[in-house]
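Reviewing the structure listed below.
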Amino acid sequence: MALDPSFVGRTYPPTDPYEVGREKIREFAEAIGDANPAYTDTEAAKALGHLDVIAPPTFVFAITFKAAGTVVRDPQLGLDYSRVVHGDQKFAYTRPVRAGDRLTVTSTIEAVKTMAGNDIIDIRGDVHDEAGEHVVTAFTKLVARAAKEG
Amino acid sequence: MSAKISYDEVEVGTELPAQSFPVTRATLVQYAGASGDFNPIHWNEKFAIEVGLPDVIAHGMFTMAEAIRVVTDWTGDPGAVAEYGVRFTKPVIVPNDDNGALIEVSGKVAAKLDDDARTVRVDLTATSAGQKVLGMSRAVVRLA
Numbered sequence: 001m002a003l004d005p006s007f008v009g010r011t012y013p014p015t016d017p018y019e020v021g022r023e024k025i026r027e028f029a030e031a032i033g034d035a036n037p038a039y040t041d042t043e044a045a046k047a048l049g050h051l052d053v054i055a056p057p058t059f060v061f062a063i064t065f066k067a068a069g070t071v072v073r074d075p076q077l078g079l080d081y082s083r084v085v086h087g088d089q090k091f092a093y094t095r096p097v098r099a100g101d102r103l104t105v106t107s108t109i110e111a112v113k114t115m116a117g118n119d120i121i122d123i124r125g126d127v128h129d130e131a132g133e134h135v136v137t138a139f140t141k142l143v144a145r146a147a148k149e150g
Numbered sequence: 001m002s003a004k005i006s007y008d009e010v011e012v013g014t015e016l017p018a019q020s021f022p023v024t025r026a027t028l029v030q031y032a033g034a035s036g037d038f039n040p041i042h043w044n045e046k047f048a049i050e051v052g053l054p055d056v057i058a059h060g061m062f063t064m065a066e067a068i069r070v071v072t073d074w075t076g077d078p079g080a081v082a083e084y085g086v087r088f089t090k091p092v093i094v095p096n097d098d099n100g101a102l103i104e105v106s107g108k109v110a111a112k113l114d115d116d117a118r119t120v121r122v123d124l125t126a127t128s129a130g131q132k133v134l135g136m137s138r139a140v141v142r143l144a
């Protein structure tokens with residue numbers, strides 16, 4: 001099913017703030033087996049020049065992907081979410097996410113196209129802190145695999 | 001930010017210490033909980049096979065999280081990562097045994113980008129069971 005091309009450039013309202021908890025960062029760091037003290041030890045993080053413990057680089061994906069979920073499930077778009085796989089992922093950071101951040105995500109559909117029966121969508125998630133300062137932008141490419149013939 | 005590697009010390013071709021990251025079914029369950037990604041293809045073999053996969057596969061974002069550790073362990077400061085992107089080319093297949101799978105990651109400096117910002121581009125290679133699992137895996141890193 002072809003996607004509705006009029007969705008390109010569409011921007012969705014910012015999400016409600018997500019408050020980054022230090023124990024959530026610790027839980028994530030443990031799950032990826034990463035013992036870097038910048039994730040769990042405030043003094044170690046400060047010694048590196050950070051205001052508080054920081055999150056691993058990919059931590060923010062959970063927040064941006066949830067925001068993208070409301071976009072890709074928009075029935076008007078026509079994406080078959082049950083066939084979606086993650087194609088590409090990129091992050092561009094102004095600064096690392098840190099404990100205490102209250103982050104909002106503004107999602108924009110950057111491109112939609114159909115190639116070899118696969119529907120492809122590029123979504124940008126701009127993440128800002130409570131002061132309105134940019135923290136990171138996530139670029140997510142999702143591919144809905146073509147349904148099998150017959 | 002205070003990376004422990006100096007921009008002046010590295011050159012194009014400088015290799016980062018390679019690492020291997022084991023992943024078992026238990027790892028995937030723990031990552032599902034921490035990340036909030038409960039897609040059953042990452043823990044339910046029956047479901048994975050039904051949707052055409054050979055077995056349970058690791059979260060792509062788990063593999064992405066492991067691969068950048070080669071960079072963050074090298075710089076010491078994870079906040080030195082300015083950009084990081086990957087393409088998910090092949091899944092990491094995680095069998096239900098005591099060993100699971102191994103994600104092997106190497107990296108090298110591919111370009112010195114900006115003498116003032118002291119940024120370099122690191123290209124990463126990630127394989128599992130001899131298959132390249134990430135493509136276009138690149139990070140831009142601010143060095144000391």
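Those sequence lines, one after another, are chains H and V.
Take the first sequence: its letters are residues 1 to 150, numbered as in full-length UniProt numbering.
Take the second sequence: its letters are residues 1 to 144, numbered as in full-length UniProt numbering.
Built from N, CA and C at the ideal position, the CB exists for glycine as well.
Using the Cα positions of A101/V and S128/V, report the straight-line distance between them to the nearest angstrom.
-> 7 Å
Relative to the C-alpha of G60/V, which residue among D37/V, A144/V, R121/V, G79/V is closest?
-> D37/V
Show which residues of chain H have a CB atom less than 9 Å away from the CB atom of Y84/V.
-> P57, T58, Q89, K90, F91, A92, Y93
In three-state DSSP terms, what is Q76/H?
-> coil
Is D126/H helix, strand or coil by DSSP?
-> strand
Comparing the C-beta of A31/H with each C-beta of chain V, is any distance below 7 Å?
-> yes
Is V92/V closer than 7 Å to V133/V when the C-beta atoms are compared?
-> yes
C-alpha distance - A35/H paired with V70/V, whole-angstrom precision = 13 Å
Short CB-CB distance (under 7 Å) between D77/V and chain H = yes
Hey, does D34/H have any beta-carbon neighbour from chain V nearer than 7 Å?
-> yes
Take every Cβ of the stretch 123-131 of chain H, pair it with every Cβ of the stretch 117-128 of chain V, and state whether three or more of those distances are shorter than 8 Å.
-> no
Give the C-beta separation of A139/V and E83/V to the nearest angstrom, bearing in mind that I take them to be a contact with Cβ-Cβ under 8 Å.
-> 6 Å
Does DSSP put K108/V in a helix, a strand or coil?
-> strand
May I ask which residues mark the beginning and end of the beta strand (DSSP E) holding T139/H?
-> The displayed chain sequence assigns Phe, not Thr, to residue 139/H. Here the beta strand (DSSP E) through F139/H covers 134-144.
To which residues of the same chain is I54/H closer than 7 Å at the C-beta, ignoring the five residues directly before and after it?
-> A38, Y39, A45, P96, V97, R98
Give every residue of the same chain whose Cβ lies closer than 8 Å to the Cβ of W43/V, excluding the five residues on either side of it in the sequence, and list them in chain order.
-> R25, L28, V29, A32, V56
DSSP-derived helix/strand/coil call for D8/V | helix
Please work out which residues of its chain come closer than 8 Å, Cβ to Cβ, to V12/V, disregarding the five sequence neighbours upstream and downstream, and give them in chain order.
-> V109, A110, A111, K112
Evaluate R102/H with the Cβ neighbour count: other Cβ atoms within 10 Å of its Cβ, from every protein chain shown; 16 or more gives buried, anything less gives exposed.
-> exposed
Out of curiosity, what's the CA-to-CA distance linking P22/V and N99/V?
-> 8 Å
DSSP bridge partner residues for residue 187/H (one or two, in chain order) | Here chain H has residues from 1 to 150 only, and residue 187/H is not among them.
Straight-line CA distance for D4/H to M115/H?
-> 14 Å
Taking all protein chains shown into account, do 16 or more other C-beta atoms lie within 10 angstroms of the C-beta of T64/H, making it buried, or fewer, making it exposed?
-> buried
Environment of G150/H [buried if 16+ CB atoms lie within 10 Å] = Low confidence applies here, because G150/H scores a pLDDT of 37, under 50, leaving its location unreliable; read the following figure in that light. When all chains shown are included, G150/H counts as exposed.
Residues of chain H with a CB under 9 Å from the CB of E66/V: which are they?
-> I32, G33, D34
Is the Cβ-Cβ distance between T108/H and T11/H less than 7 Å?
-> yes
Quick one: does the C-beta of T24/V sit closer than 6 Å to a heavy atom of the ligand SAM?
-> This structure simply doesn't include the ligand SAM, nor any ligand for that matter.
Rounded to a whole number of angstroms, what is the C-alpha to C-alpha distance between V51/V and H86/H?
-> 15 Å
How long is the line joining the alpha carbons of K4/V and T63/V, rounded to whole angstroms?
-> 25 Å
Excluding five sequence neighbours on each side, which residues of the same chain lie with their C-beta closer than 7 Å to the C-beta of P57/H?
-> F91
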